[in-house]
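Asker:
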Amino acid sequence: MLYASLPRGLPCWVDLCSTEPSAALDFYATLFDWEYQTQSAEQGGAGDDYFVATRDGIPVGGISARREAASSWVLHLATQRLTEASSTAQRLGAQVLRKEEELGALGRRVVLRDSSLAEIALLQAGNGWQFEVGRPGSLIWAELITNRVRFADHFYETLFEYETREFGDSRRSDFVVWYVGGDSVLARVRMVKDTGPQTEPHWLVYFGVDPAVGVDQTVAQARSLGAELRVDPFDSAYGRIAVLRDVTGARFGLIDPGEATGHETAAIYDPYDD
0 MLYASLPRGL PCWVDLCSTE PSAALDFYAT LFDWEYQTQS AEQGGAGDDY
50 FVATRDGIPV GGISARREAA SSWVLHLATQ RLTEASSTAQ RLGAQVLRKE
100 EELGALGRRV VLRDSSLAEI ALLQAGNGWQ FEVGRPGSLI WAELITNRVR
150 FADHFYETLF EYETREFGDS RRSDFVVWYV GGDSVLARVR MVKDTGPQTE
200 PHWLVYFGVD PAVGVDQTVA QARSLGAELR VDPFDSAYGR IAVLRDVTGA
250 RFGLIDPGEA TGHETAAIYD PYDD
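Residue numbers (numbering that gives the first Met the number 0): 0 to 273.
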């Protein structure tokens, strides 16, 4: 039996595919106080275990091994009909990277490369699905960073029927927010024009930080654990933000929404030329 009431297009899981899962497990356990539940080996692929990360006993994501590509966080979006959604996505230009598979109590998923060339997963949640969002140490926001914005907009707005709102003038700044049921859930950002070819389109996931600790101190701790700072902490209308690469090279962001200011203080906000 699969969970059927999760709104279509809502972020419903994140999965770190890591070239060094052991190092990643230690890094995030220390940074976010994550604990782990080990699931059956077939869920990790290639005989590897799959680790469900929890905070205060509630799942916040998964970690598994990846050998064929660089480490990255993979965002999962909800669908009630996985096979149908996958077929529609392929008609819209997506390529299947990992065919439909069971994830135990989480449900079933398929991993795709969307028409803007970013990796994304679709998940049909199972009756045991749980996923914490919006709190410290859990997913709080995600942005699609791409230079193929027309492909991205057509793909996601057709597949999930998102409501959209555009910010910026589409030349100097091209930032689109997608909504489900009136709530903002995701954003699409155009890469800056001089972004190097080494930076592929990708989803950037952001995790909340403990407001008692703050972004700056969390960044300092992450760096002491071996992370690389990509964008210095800055204030924004969404909170204080920073972007890093973890010890295995995967991009991720930090947000403290309690520090929202209504304006940005970053001299050049460019986390994408990476």
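In this text, a Cβ means the ideal position worked out from N, Cα and C, and glycines have one as well.
Report the rounded CA-to-CA distance for LEU91 versus ASP209, giving the unit in angstroms.
Answerer: Their backbone Cα atoms lie some 39 Å apart in a straight line.
Asker: Could you give the distance in angstroms between the alpha-carbon of VAL188 and the alpha-carbon of TRP202?
Answerer: Spanning the two alpha carbons is a distance of roughly 10 Å.
Asker: Using only alpha-carbon positions, find the residue among VAL59, GLY8, CYS11, GLN216 that is nearest to ALA137.
Answerer: What sits at residue 137 in the sequence shown is Ser, not Ala. The option with the nearest alpha carbon to SER137 is VAL59.
Asker: Ignore the nearest five residues each way along the sequence and tell me which others in GLU258's own chain have a CB closer than 6 Å to its CB.
Answerer: Within the same chain, GLU258 has close Cβ partners GLY238, ARG239.
Asker: Once you ignore the five residues that flank ILE62 on each side, which residues in its own chain have a CB closer than 7 Å to its CB?
Answerer: The answer, listed in chain order, is LEU15, SER17, PRO20, ALA23, LEU24, PHE50, ALA52.
Asker: Here's the rule: buried if 16 or more other CB atoms are within 10 angstroms of the residue's CB, otherwise exposed. What is ALA221?
Answerer: Flag for ALA221 reads buried.
Asker: According to DSSP, is PRO232 helix, strand or coil?
Answerer: Note: PRO232 maps to strand in three-state DSSP.
Asker: Helix, strand or coil, according to DSSP, for PRO58 in the structure here?
Answerer: Strand.
Asker: Considering only their Cβ atoms, is the gap separating PRO232 from ALA241 smaller than 7 Å?
Answerer: Yes, the pair counts as a contact, with Cβ atoms nearer than the cut-off.
Asker: Looking at C-alpha atoms only, which residue of THR260, ARG244, LEU253 is the closest neighbour of SER71?
Answerer: Among THR260, ARG244, LEU253, the Cα nearest to that of SER71 belongs to ARG244.
Asker: Exposed or buried, which one is ALA68 when buried takes at least 16 other CB atoms within 10 Å?
Answerer: Its Cβ having fewer than 16 others within 10 Å, ALA68 is exposed.
Asker: Roughly how many angstroms lie between the CA atoms of GLU156 and VAL95, to the nearest whole one?
Answerer: So the alpha carbons of these two residues sit roughly 19 Å apart.
Asker: Give me the DSSP bridge partner(s) of HIS201.
Answerer: ILE144, per the DSSP bridge assignment.
Asker: Nearest-angstrom Cα distance between GLY106 and GLN79?
Answerer: Roughly 11 Å separates the two Cα atoms.
Asker: Which term fits ALA28, buried or exposed, when burial requires 16 or more other beta carbons within 10 angstroms of its beta carbon?
Answerer: Exposed is the call here.
Asker: Less than 7 Å between the beta carbons of ALA124 and LEU5, yes or no?
Answerer: A contact, by the Cβ cut-off of 7 Å.
Asker: Once DSSP output is grouped into helix, strand and coil, what is the label at ARG187?
Answerer: Correct three-state label for ARG187: strand.
Asker: Using a 10 Å radius around the Cβ and a threshold of 16 neighbouring Cβ atoms, would you call GLU131 buried or exposed?
Answerer: By the neighbour-count rule (16 or more Cβ atoms within 10 Å), GLU131 is buried.
Asker: Under three-state DSSP, which class holds GLN129?
Answerer: GLN129 falls in the coil class under three-state DSSP.
Asker: If you measure between the beta carbons of GLY207 and ARG134, is that distance less than 7 Å?
Answerer: Closer than 7 Å, so yes.
Asker: How many Å lie between GLU99 and PHE159 at the Cα?
Answerer: Each residue's Cα considered, the two are about 19 Å apart.
Asker: On the DSSP bridge assignment, give the partners of HIS75 in chain order.
Answerer: Its beta-bridge partners are TRP12, ALA120.
Asker: Whose CA, out of PRO10, GLY8, LEU30, LEU9, lies closest to the CA of VAL246?
Answerer: VAL246 has its Cα closest to that of LEU30, out of PRO10, GLY8, LEU30, LEU9.
Asker: Spatial neighbours of TRP177 within its chain, please: C-beta separation below 8 Å, excluding the five flanking residues on both sides.
Answerer: Same-chain partners within the cutoff: GLY8, TYR155, GLU156, PHE159, TYR161, GLU162, THR163, SER183, VAL184, LEU185, ALA186, ARG187.
Asker: Is the separation between the beta-carbon of ILE254 and that of ILE119 shorter than 7 Å?
Answerer: Cβ atoms of ILE254 and ILE119: not closer than 7 Å.
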